[in-house]
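Numbering (this note's numbering), first residue to last: 1 to 55. Here the structure comes first, spelled out in structure tokens, and everything after it is commentary.
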């Protein structure tokens with residue numbers, strides 16, 4: 001993923017100097033008893049369909 005982003009940035013640097021890519025940092029803090037949250041989500045959404053609690 002980072003290699004692809006780097007390649008895309010290199011293409012933009014050559015073709016369109018004023019084009020910038022930005023990826024918002026994913027920060028996650030949750031209770032240790034929560035299961036199913038994505039550590040590195042591929043989309044900018046909070047998919048909670050697989051989330052459950054450990055009792």
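For each residue, glycine too, the CB sits at the ideal point set by N, CA and C.
Checklist line | In DSSP terms, what residue 52 is bridged to | finding: 35
Notebook entry, point to check: How about the segment 22-30 and the segment 38-53: do they share at least three Cβ pairs that are nearer than 8 Å?
Noted result: yes
Notebook entry, point to check: Smallest Cα separation from residue 30: which of 22, 43, 51, 45?
Noted result: 51
Next item on the list: Note down the Cα distance separating residue 53 from residue 10, rounded to an integer number of angstroms.
Entry: 43 Å
Checklist line | DSSP state of residue 6 mapped onto helix, strand, coil | finding: helix
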